[in-house]
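To keep things clear, I will list the structure first and then write my remarks on it.
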Amino acid sequence: MRCIQCGSHKDKVVDSRMSKDGTTIRRRRECLDCSYRYTTYEQIERTELRVVKKDGSREAINREKLFRGLVKACEKRPVSMDRLDRAVEEILADLHKDHVSEVPSHIIGTEVMDKLHQIDPVA
3 MRCIQCGSHK
13 DKVVDSRMSK
23 DGTTIRRRRE
33 CLDCSYRYTT
43 YEQIERTELR
53 VVKKDGSREA
63 INREKLFRGL
73 VKACEKRPVS
83 MDRLDRAVEE
93 ILADLHKDHV
103 SEVPSHIIGT
113 EVMDKLHQID
123 PVA
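Using this note's numbering, you'd call the opening residue of the sequence shown number 3 and step up by one each time.
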């Protein structure tokens, strides 16, 4: 990994933890040149899912777009960012499990609404 502070490739892993669902590894690293500490996440790279929209157009599913939508929905609610990040991972895992390469947009919407209801019924 390249240090985000000085750009050096020399670092050491200080701490490694697996997520509760076992799909992601969180690593705390320390640069050997400048002693800056930073966090990296390692996860399995999946085949790309594509969203089929109502008008028939297709685009790659965007994890950040899902996350931003959940953040917006829970903006004034007591929900942690870590919980929303886990929710996105759970949604994507469900979609990968049920669909091979393409997912209709209404299925994604249903998954997101179900997950939001589980997290916070008001959101």
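Quick reminder that beta carbons are idealized off the backbone N, C-alpha and C, glycines included.
Could you name the residues of the same chain whose beta carbon sits closer than 7 Å to that of residue i, not counting the 5 residues immediately before and after it, in chain order?
| i | result |
| --- | --- |
| ILE46 | THR25 |
| GLU113 | ILE93, ASP96, LEU97 |
| ALA89 | LEU72, LYS117, ILE121 |
Express the C-alpha separation of residue j and residue i in angstroms, rounding to a whole number.
| i | j | result |
| --- | --- | --- |
| LYS117 | VAL73 | 13 Å |
| LEU34 | SER18 | 17 Å |
| VAL133 | GLU91 | Residue 133 falls outside the range modelled here, since the chain spans only 3 to 125, and no answer is possible. |
| ASP87 | SER21 | 11 Å |
| GLY9 | ARG29 | 18 Å |
| HIS119 | CYS5 | 39 Å |
| LYS14 | ILE109 | 42 Å |
For residue i, tell me which candidate among the options has the shortest Cα-Cα distance.
| i | options | result |
| --- | --- | --- |
| SER37 | GLU104, GLN7, ALA75 | GLN7 |
| ILE27 | GLU50, ILE121, GLU44 | GLU44 |
| GLY58 | GLU104, GLY111, MET3, HIS11 | GLU104 |
Just to confirm, are residue i and residue j a CB contact at a threshold of 9 Å?
| i | j | result |
| --- | --- | --- |
| ARG52 | THR41 | no |
| SER107 | LYS67 | no |
Can you find the residues in the same chain that come closer than 6 Å, C-beta to C-beta, to residue i, ignoring five residues on each side of it along the sequence?
| i | result |
| --- | --- |
| THR49 | none |
| ASN64 | none |
Next on the checklist: Which complete beta strand (DSSP E) runs does the stretch 37–100 hold, if anything under 3 residues is left out?
Outcome noted: 39–45, 52–54, 60–62
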